[in-house]
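These notes are about the structure you will find just below.
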Amino acid sequence: MFAASIDQPMARWSPGGARTRMSELLSRIARERSDDAFRRLFEEFAPRIRGYMMRQGADGATAEELAQETLLTVWNKAGLYSAGKGTSTTWIFRIARNLRIDRLRKEVAWQELSEEHAETVASEEPAPDEALSRRQREVRVRAALDGLPPDQREVVVLAFIDGLSQNEIAKRLSLPLGTVKSRVRLAYQKVRDALRDLS
Amino acid sequence: MSTTITRHPEADTLMSYAAGSLPEPLAAAMAAHAAMCRHCCSELRDMELIGATLLAEAAAHDTQDGKVAAIPTPPPPPPVAPARSEPLPAAAETAAGLPEPLARRCCLTLDSIPWKRLLPGVWHHHLPLSPGVRGDLRLVRIAPGRKLPTHGHGASELTLVLDGAFADEVGVYGRGDIQDIDYRTEHQPVADRKLGCICLIACDRSLRFKGWLGLLLRLFGPRRRSDGRGRAQAATS
Chain E
1 MFAASIDQPM ARWSPGGART RMSELLSRIA RERSDDAFRR LFEEFAPRIR GYMMRQGADG
61 ATAEELAQET LLTVWNKAGL YSAGKGTSTT WIFRIARNLR IDRLRKEVAW QELSEEHAET
121 VASEEPAPDE ALSRRQREVR VRAALDGLPP DQREVVVLAF IDGLSQNEIA KRLSLPLGTV
181 KSRVRLAYQK VRDALRDLS
Chain P
200 MSTTITRHPE ADTLMSYAAG SLPEPLAAAM AAHAAMCRHC CSELRDMELI GATLLAEAAA
260 HDTQDGKVAA IPTPPPPPPV APARSEPLPA AAETAAGLPE PLARRCCLTL DSIPWKRLLP
320 GVWHHHLPLS PGVRGDLRLV RIAPGRKLPT HGHGASELTL VLDGAFADEV GVYGRGDIQD
380 IDYRTEHQPV ADRKLGCICL IACDRSLRFK GWLGLLLRLF GPRRRSDGRG RAQAATS
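Protein sequence lines correspond, in order, to chains E and P. Following the numbering used here, the numbering of the first sequence begins with 1 at its first residue and continues without gaps. Following the numbering used here, the numbering of the second sequence begins with 200 at its first residue and continues without gaps.
Encoded structure:
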């Protein structure tokens, strides 16, 4: 299927299919060190990571550099990615997020990149259907985010994509800090509710 | 041990941490708590799904000149990482008792912290923050029964217990528990009468130091009477 689609123009992001395809690409990178899979992952994600970095204030050249570095990290550390433990997009998000903290905010990124950590905390082996459950969770989260009232979605996007702290969000929106906090909590409650029966 | 953790951060703190937008001192305390708390690890994984979803939907930016960016040639495969020679300690902690992220970044163990005495019964050790970062990150050791003076001062504050315990109006906080103080809350915790307490205190404003010192000075300064009452309460709690 990869050979068949290789010459097609880059498709618009299509949720279900594209996600599955991303996991497969990542697995091929991890298992076969496939240049082709890397190129396709790059085409899909580099423009989005570039946009993400620019929202945090990077200029075009820096954003391009960081997009390349994110995806080269994906390539170099693909072995750490395990399809059963997280979704491929979460893995890419983590790498981009930590690079953004390190290079653009010039702070220490305390967040864990891999889930080695969580594994040592967890006492039992992941269930065999974990990958399926992860994917289901992703679908539910997407639906919950789509269903958020605009004021709640706005603070979530400002935190995750614009990288603004709660204080910065309060300033940007001219809201009291308490209002920002309660909107974030309400938004998370909805995501939580959407996942309730999957845990 | 993770089952004994009963106090977790607020959802908005976890969310900012997952988003990568929690100020550095607070992020350090969150990382240390997450290393000890299975519940929060799993919450964080779900929250990262929010980031992954939004990133996947984020508007694509073409390069400045509108051309398709050159795709870098991936380097030759790195050598296969050797299997971890020794198994990780059970709860992602060092044997020395500091949560792994703290021990790794600060090169410390609970026994090797170079404490500086602040006042009788209170010691502290500053942990460095990146240049230009506002806030305060420090380890604090409180003698058994001593009051742990804490104040809101309009800042966000996280207190993670690393050893011993403290109690306040809300309840008892033991090892691994984190207190996510509302920026408007004022309260007066007391270190455990037998064990004392070692905690990591993170704050996103440096202003807090004034409040801290101010409170300590009040405790040991002219207002003896209120200090005496506090100690009496501590002793009976």
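Glycine residues also receive a C-beta, built at the ideal position from the N, C-alpha and C atoms.
- Apart from the 5 residues on each side of it in sequence, T73/E sits with its Cβ closer than 8 Å to the Cβ of I95 and L99 in its chain, given in chain order.
- By the criterion of a C-beta distance shorter than 6 Å, M53/E is surrounded in its chain by A63 and L66, once the five residues flanking it on both sides are discounted.
- Scanning its chain for C-beta atoms nearer than 8 Å, with the 5 sequence neighbours on each side dropped, one finds around L198/E the residues S133, Q136, R137 and R140, in chain order.
- Beta-bridge partners assigned by DSSP to Y372/P: F365/P.
- Using a Cβ-Cβ distance cut-off of 8 Å, the stretch 326 to 336 of chain P and the stretch 363 to 378 of chain P are not in contact, since fewer than three pairs of beta carbons, one from each stretch, lie closer than that value.
- By the beta-carbon neighbour count (other beta carbons within 10 angstroms, threshold 16), Q152/E is buried.
- Identification of residues in the stretch 148 to 176 of chain E having a C-beta nearer than 7 Å to some C-beta of chain P yields V156, V157, A159, F160, I161, G163, L164, S165 and Q166, given in sequence order.
- Rounded to the nearest whole angstrom, the C-alpha separation of I270/P and G79/E is 21 Å.
- Scanning the stretch 48 to 119 of chain E from its first residue to its last, the whole alpha helix (DSSP H) runs of 4-plus residues come out as 60 to 76 and 88 to 99.
- The beta carbons of F93/E and E247/P sit closer together than 8 Å.
- R196/E has no beta-bridge partner at all, per DSSP.
- DSSP, reduced to helix, strand and coil, places K393/P outside both helices and strands of the structure shown, so it counts as coil.
- Contact check for H207/P against C240/P fails: the beta carbons are separated by 8 Å or more.
- Put simply, the CB of Y372/P is far from chain E, with every gap to its CB atoms at 8 Å or more.
- In this structure, P327/P sits away from A230/P, with a CB-CB distance that is not shorter than 8 Å.
- Under the 8 Å criterion on CB atoms, E356/P is classed as non-interfacial with respect to chain E.
- The straight-line gap separating the alpha-carbon atoms of A390/P and P274/P is approximately 54 Å.
- Counting the other Cβ atoms within 10 Å of the Cβ of A342/P gives fewer than 16, which makes it exposed.
- Taking a Cβ-Cβ threshold of 7 Å, none of the residues of chain E is close to L394/P; the smallest such distance is about 24 Å.
- Here L113/E has R94, I95 and N98 as same chain residues with Cβ atoms under 7 Å from its own Cβ, once five neighbours each way along the sequence are excluded.
- Annotation: Cβ neighbours of E107/E in chain P (cutoff 7 Å, chain order): E223, S329 and V332.
- Taking the Cα of A259/P as reference, the smallest distance to any Cα among E69/E, W75/E and F42/E is reached at F42/E.
- A straight line joining the alpha-carbon of T203/P with that of I49/E spans about 40 Å.
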